[in-house]
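Worksheet for the structure shown next.
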Amino acid sequence: MRTIKSLSRLGVVLASLAVIAVSLAGGASASTAMIPGAGSGDGAAVPDAGPGTVVHTVVVGCTPGWQIAAIAAVAALVTAFAAVVIERTRTARRRPVRPVA
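Numbered continuously in the numbering used here, the sequence shown closes out at residue 1269.
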């Protein structure tokens, strides 16, 4: 039984590492990608002709920091509550290993 538990935990750890790796790879910056120019067609990068249109970012109507903190706190409380309920349910269903004398 110990072997099965250790293999299960190993699987969880490997799955977690895989999710982390995929999230980091998905968030990689696209700015390092080379876009081939319309020049020779062999895929060689064409030097930039100069600055293009300048875009000014305007942020209007964002969520205040206290609301983000409140949402995170409520999510943590809901997760903790669910974990406690699940653990108590599992404990209640568990059969005793030895008969109580």
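In this text, a Cβ means the ideal position worked out from N, Cα and C, and glycines have one as well.
Only a predicted model underlies this, so the values are computations on that prediction, with no experimental measurement involved.
For G1229, the three-state secondary structure derived from DSSP is coil. Cα atoms of L1182 and T1221: separation of roughly 45 Å, rounded to the nearest angstrom. Where V1222 is concerned, there is no enclosing alpha helix (DSSP H), because DSSP gives it neither an H nor an E. The straight-line gap separating the alpha-carbon atoms of A1244 and R1170 is approximately 31 Å.
CA-CA distance, A1250 to A1193, rounds to 31 Å. In the three-state DSSP reduction, R1256 falls in the helix class (H, G or I).
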